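Position 42 of the sequence shown, counted from 1, bears residue number 66 in our numbering, the numbering being contiguous throughout. Everything below concerns the one structure shown next.
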Amino acid sequence: MVGLWEAGIKSTKYYIKRVVGETKLTYEEFETFLTQIEWGYVKSLVYADKPQTLDHLEDNIRRVIADIRPQMLEKVIENWTSRLDYIRASRGSPMPEILFKM
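Listed below in structure tokens is the structure:
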């Protein structure tokens, strides 16, 4: 039986392929694309119960933020730290183009 995480990855890849097709994306383009997906997902959670007041909306935002797992934040920090390490080691030169093909 496929786990929830694996099912989420499979679903994400399916929709990315539908939108992007055979287009090759640089790392920055791919990251921007995923960020837009993530914000769309967060927005859908915040507005899922159709808040009618600003207080209700703010409560939903707080709830969604509180549901972010520490593991996700750790991965974000690790990614950011590795980028900083690369920039330091390369003395500020830009990161090489990394192409993603789905």
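Where a beta carbon is used, it is the ideal one built from N, C-alpha and C, also for glycine. Since the model is a prediction, treat every value here as computed from it, not as a measurement.
Asp83 and Pro75 closer than 9 Å at C-beta: yes
With respect to the alpha helix (DSSP H) encompassing Lys99, which residues constitute its N-terminal and C-terminal limits? Pro94 to Ala113
For the alpha helix (DSSP H) containing Glu82, list its first residue and its last residue. Leu78 to Ala90
Contact belief for Lys69 with Phe57 at Cβ below 8 Å, rounded distance in angstroms: The sequence given here has Leu at residue 69, not Lys. Leu69 to Phe57, Cβ: 19 Å. No contact.
Going straight from the alpha carbon of Ile104 to that of Glu53, what length do you get? According to the sequence provided, residue 104 is Trp. The question's Ile does not apply to it. Rounded to whole angstroms, Trp104 to Glu53 spans 17 Å at the Cα level.
Range covered by the alpha helix (DSSP H) that runs through Ser136: An answer regarding residue 136 cannot be provided, because it is not within the stretch 25 to 126 covered by the chain.
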